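S.K.: Going by the UniProt record's numbering, the letters in the sequence shown line up with residues 1 to 581, in that order.
There's a structure below that I have some questions on.
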Amino acid sequence: MVAILMANLGRLIPMAISRKSLPKFSSLFIPSSSLASLSTTGDGDGDGGTGMKAEPRLLNHSSNPIRRSGNYQPPIWDFQFIHTLYNPYAGDKYMKRCNELKKEMKKNLMVMVEGSIQDQLDAKLELIDNLQRLGVSYHFKDEIMEVLRSVHNQNSSTTTGDNSLYSTALKFRLFRQHGFHISQDILNDFKDEQGNFKQSLCEDTKGLLQLYEASFLSTDSETSTLLESANIFTVSHLKNYLHNLNDTEHQENGTVELVRHALELPLHCKMLRVETRWYIKIYEKIPNVDPLLLEFAKLDFNIVQATHQQDLRNLSRWWKKSLLAEKLPFSRDRLVEAFLWIAGMMFEPQKNEYCRIMLTKVTAMATVIDDMYDVYSTLDELELFTHAVERMEIKAMNELPDYMKICYLALFNTTTEIAYEVLKEQGINAMPYLTKSWADLCKSYLREARWYYCGYKPSLEEYMDSGLITIAAPMILVHSLFLVTNPITKEVLDSLTNCSDIIRWSATIIRLNDDLGTSSDEMKRGDVPKSIQCYMNEKGGFEEDARKHINFMIKETWKLINSTAQGDNSLFSKTFIGCVQ
């Protein structure tokens, strides 16, 4: 998600396995006016779909139209910096050791599958949780599912027996994350006769932390407020725990850092690669740490980072060669940030390399096109560009202003390249679906441009209908669907005729989070009202009330996504659902 991933953006320093064996080095990251006539493009009512009757305006044929500027800053990471990065972990030496450690970890997991359940329950669950948080669980997908299946089959999902809050909440979270059915009623054992969580739990900081993380996995089908109550209960007592600490208490095992980190953002909303970089340092402080797992996690992190840095070098050469930043200086040059978002969706090194490259290209171009619609182009120019994208034909470029041609050609080439790859691999013509995703995006951009030129204030419903498209997530997710799904079924293709629910829900969360983080700056620049302002205009309330409502909308939408992710009857593959989440 844009807002969440961008909040995690930082310069991450690679891990040294030992001071003697591995050199230290700095790394990049892991993990970024003319008034024209109102056309009927895309909606047919001549008013941008607003229901507003606006007077048609004459085309401005001035050779020097007034243009806005976004005053965007240059990129933090330039071409030279990216290409001077040195990463020693790209060699066979470290890969050989990594494979040795991987084999040892697989043996340990298989021993757990064959062992007794109750005697090793906490150890099994903790190992899976650590594998995930250390970023290496992708190596052991089958083994992890075997362990969880064995625990799920031999334990009742509605009773806890003698299990602690810690193990019960951790089991609940892991089962739901991996699609195993488990009822929230399993947590009722930790309530008193009045239906409140027992006060004795307040001293169990580890258990509270696990219950807090589990509370974010509620679904829309659950009428009980048990998980919501768990969230309120744990947040209150974890904050009290931090408030009542003395200077030295619990510092030796990292509990304080774990609590502070969790309260900033739950695991459910974190970018895995950034979380991995942070958690490796915490894992070192855990009593009885597994030295082999720690070494493996550090080594794997740096090897994956080396792959990502090579991806970025390849992308930066493409970006420089495209001349998009040079020819369109009004737009944001945000290639690295685009790559961060995509690497957050699909970080696995070799498996997703082509997907990362192509989706980063798509995302970087969407940023440029967004700036054309938002701050630079005139309305008549935007009409032409929107028509051209709907056609997605090379000859449509001839109808565009000169500065738009290079952007349109880059878009056309990238789209046809992806369509060619899909046709070659699966025999499916993806071009109509990819074109539609871009056309929908540009038509929604155009609609908001009309709002700007007319000074129109949309309702929250109108804004969301457009805004969940203009955040670009549906377009990017449609492209990712074709790149990560094989085979693609007819049912999946049919679902793309209209924006499918799971894509719409993901886009809603991204849009609303983005508005919470950036709407103030965008309003200062003169953009159209965002969700916060639309709610305030409708309800006449304060910004604080609007932000509470937006956060409520985000929470409710997450429940819908959780329901799909935890189910086993989705049209979409687990890989694609992972991208959506």
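Just so it is clear, CB atoms sit at the ideal spot from N, CA and C, and this is done for glycine as well.
Owing to the predicted nature of the structure, the values given are computational and were not obtained by experimental measurement.
Measure the beta-carbon distance from H268 to F216 and round it to whole angstroms, keeping in mind my assumption that it falls under 8 Å.
M.R.: Rounded, the Cβ-Cβ distance is 4 Å, consistent with contact.
S.K.: Taking the C-alpha atoms as reference points, what is the distance between Y408 and H152?
M.R.: Cα to Cα, the separation comes out at about 52 Å.
S.K.: Which of the three DSSP states is assigned to F552 in this structure?
M.R.: Helix.
S.K.: Round the Cβ separation of A343 and R273 to the nearest angstrom and send it over; I've been treating them as touching at under 8 Å.
M.R.: Indeed, because the Cβ distance is near 7 Å, the residues count as touching under 8 Å.
S.K.: My output table needs one value for F180: the three-state DSSP class, helix, strand or coil.
M.R.: Here F180 sits in coil by DSSP.
S.K.: Thinking C-alpha only, which one of V389, H243, G517, L477 is nearest I577?
M.R.: Checked all of V389, H243, G517, L477; the closest Cα to I577 is L477.
S.K.: Give me, in chain order, the residues of the same chain whose beta-carbon lies closer than 8 Å to that of P529; leave out the 5 immediate sequence neighbours on both sides.
M.R.: The answer, listed in chain order, is K457, P458, Y463, M523, N537.
S.K.: By Cβ distance below 8 Å, which residues in the same chain neighbour D204 in space, the five residues on each side in sequence not counted?
M.R.: So the qualifying residues of the chain are S164, L165, Y166.
S.K.: With a 10 Å radius around its C-beta and 16 neighbouring C-beta atoms as the bar for buried, classify S466 as buried or exposed.
M.R.: Its Cβ being crowded by 16 or more others within 10 Å, S466 is buried.
S.K.: Put K103 into one of helix, strand or coil per three-state DSSP.
M.R.: Helix, per DSSP.
S.K.: Which two residues bound the contiguous alpha helix (DSSP H) that contains F196?
M.R.: The amino acid at residue 196 is misidentified as Phe; the sequence shows Asn. Counting along the chain, N196 falls outside any alpha helix (DSSP H), and DSSP gives it neither H nor E.
S.K.: Just to check my reading of the structure: S322 and D371 have Cβ atoms closer than 8 Å, yes? What is that Cβ distance to the nearest angstrom?
M.R.: S322 to D371, Cβ: 15 Å. No contact.
S.K.: So, with DSSP's three-state summary, where would you put Y86?
M.R.: DSSP places Y86 in coil when its eight states are reduced to three.
S.K.: Cutting at 8 Å between CB atoms, please list the residues of its own chain near K239, excluding the five before and the five after it.
M.R.: So the qualifying residues of the chain are L263.
S.K.: Since H479 is in the alpha helix (DSSP H), which residue starts that stretch and which ends it?
M.R.: Start and end: 473-484.
S.K.: Whose C-beta lies closer than 7 Å to the C-beta of D568 among residues of the same chain, with five residues either side of it excluded?
M.R.: Excluding positions up to five away in sequence, the list reads G179.
S.K.: Round the Cβ separation of A507 and I471 to the nearest angstrom and send it over; I've been treating them as touching at under 8 Å.
M.R.: That belief holds up - the Cβ atoms of A507 and I471 are roughly 6 Å apart, short of 8 Å.
S.K.: Mind pulling the alpha helix (DSSP H) runs of 4 or more residues that sit fully within the stretch 265-353?
M.R.: Here the runs fully enclosed are 272-283, 291-322, 324-327, 335-345.
S.K.: Quick one: measure Cβ to Cβ for L208 and L258, integer angstroms, because I've assumed they're closer than 8 Å.
M.R.: That belief does not hold up - the Cβ atoms of L208 and L258 are roughly 11 Å apart, past 8 Å.
S.K.: For the stretch 391-408 against the stretch 74-87, are there 3 or more C-beta pairs whose distance is under 8 Å?
M.R.: Flag = no, the stretch 391-408 and the stretch 74-87 do not touch.
S.K.: Taking C-alpha atoms, which residue in L245, Y403, D402, W438 lies nearest to T416?
M.R.: Among L245, Y403, D402, W438, the Cα nearest to that of T416 is on W438.
S.K.: Out of I509, D402, D527, T485, state which residue places its alpha-carbon closest to the alpha-carbon of R450.
M.R.: Among I509, D402, D527, T485, the Cα nearest to that of R450 is on D527.
S.K.: Assign P401 to buried or exposed, taking buried as 16 or more other Cβ atoms, counted over all protein chains shown, within 10 Å of its Cβ.
M.R.: Per the 10 Å Cβ criterion, exposed.
S.K.: Any chance the stretch 102-112 sits against the stretch 347-362, with 3 or more Cβ pairs inside 8 Å?
M.R.: The answer is no - the stretch 347-362 does not touch the stretch 102-112, with fewer than three Cβ pairs under 8 Å.
S.K.: On the CB-based measure, 16 or more other CB atoms within 10 Å of its CB, does Q305 come out buried or exposed?
M.R.: That one is buried.
S.K.: Between the alpha carbons of N486 and I369, how many angstroms are there, rounded?
M.R.: Looking at the two C-alpha atoms, the distance is approximately 30 Å.
S.K.: Starting from A439, trace the alpha helix (DSSP H) both ways and give me its first and last residue.
M.R.: First-last of the alpha helix (DSSP H) with A439: 431-454.
S.K.: Spatial neighbours of Y376 within its chain, please: CB distance less than 7 Å, with the 5 preceding and 5 following residues excluded, ordered by chain position.
M.R.: For Y376, where only same-chain residues beyond five positions count, the Cβ hits under 7 Å are R67, R68, F330.
S.K.: I'd like to check one pair, A214 with F172: are the Cβ atoms closer than 9 Å?
M.R.: Contact: yes.
S.K.: Just checking my contact of L293 with M145 at CB under 8 Å: how many whole Å lie between their CB atoms?
M.R.: The pair is not a contact, with the Cβ atoms about 19 Å apart (cut-off 8 Å).
S.K.: Taking C-alpha atoms, which residue in T223, Q177, V235, L324 lies nearest to C202?
M.R.: The shortest C-alpha separation from C202 is found at V235.
S.K.: Specify the secondary structure class of D92 as computed by DSSP and reduced to three states.
M.R.: Three-state DSSP puts D92 in a helix.
S.K.: I need the DSSP call for K24, collapsed to helix, strand or coil.
M.R.: Note that K24 has pLDDT 33, beneath the 50 cutoff, so the model's placement of it is unreliable and no number is given.
S.K.: Are three or more beta carbon pairs between the stretch 284-302 and the stretch 128-143 nearer than 8 Å?
M.R.: Flag = yes, the stretch 284-302 and the stretch 128-143 touch.
S.K.: Give every residue of the same chain whose Cβ lies closer than 7 Å to the Cβ of S495, excluding the five residues on either side of it in the sequence, and list them in chain order.
M.R.: L571, listed in sequence order.
S.K.: Is S221 buried or exposed, if buried means 16 or more other CB atoms sit within 10 Å of its CB?
M.R.: Under this definition S221 is an exposed residue.
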